[in-house]
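In the numbering used here, the protein residues as written are 948 to 1101.
Written out as structure tokens, the structure is:
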């Protein structure tokens, strides 16, 4: 009988973040975030329009299709980022000292087919500030792990 390879914890939580990303309503990119503290999932989030609003997937078009992604302004985008949604669903007491796992995928069809995992799914500048302010000490993507407790005070 062949032994299965048990994933390490970072891979395990990144895989969960990847599954969470499947709920995204963005037609360009799917992101999933998982906040973990003391080896327990505190909250999850995916990128999509605000609750109750018609989303890009339902409209079958992106409001930013011609705009550059991650320009820091997100003009015309009505989406809330995965990291933001995960933070909204957690209390500060739960996020202090936690780790945020972030997985992202470029999407090329409205059928929801995922292509090209984004190995370094770096949080935008606004999400980065929110993550630090929530007391999260570490951000993990497929290619990097950021230790925020050792980050510069600049």
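All residues carry an ideal CB built from backbone N, CA and C; glycine is no exception. In this text, all values refer to a predicted model and were calculated from it rather than measured experimentally.
Identify the continuous beta strand (DSSP E) that holds residue i and give its terminal residues.
i	result
residue 976	976 to 984
residue 1083	From DSSP, residue 1083 is part of no beta strand (DSSP E); its letter is neither H nor E.
residue 987	987 to 993
residue 1067	Note, residue 1067: premise wrong, no beta strand (DSSP E); not H, not E.
residue 1092	1092 to 1094
What whole-angstrom Cβ distance do residue i and residue j have, given they're in contact under 8 Å?
i	j	result
residue 978	residue 1049	7 Å
residue 994	residue 1003	Going by Cβ atoms, the distance from residue 994 to residue 1003 rounds to 10 Å, so no, they are not a contact pair.
residue 1092	residue 1066	Not confirmed; about 12 Å, so no contact.
residue 1000	residue 1041	No, residue 1000 and residue 1041 are not in contact; Cβ-Cβ is about 27 Å, not under 8 Å.
residue 989	residue 1068	Actually they do not touch by this definition, with Cβ atoms about 19 Å apart.
residue 1083	residue 1045	5 Å
residue 1087	residue 957	5 Å
residue 974	residue 1054	6 Å
Kindly indicate which three-state DSSP category residue i falls into: helix, strand or coil?
i	result
residue 1043	coil
residue 1025	coil
residue 962	helix
residue 955	coil
residue 1054	strand
residue 1100	Its pLDDT being 48, under 50, residue 1100 is placed unreliably by the model, and nothing is read from it.
residue 971	coil
residue 949	coil
Taking residue i as part of the alpha helix (DSSP H), name the residues at either end of that continuous run.
i	result
residue 1005	1003 to 1006
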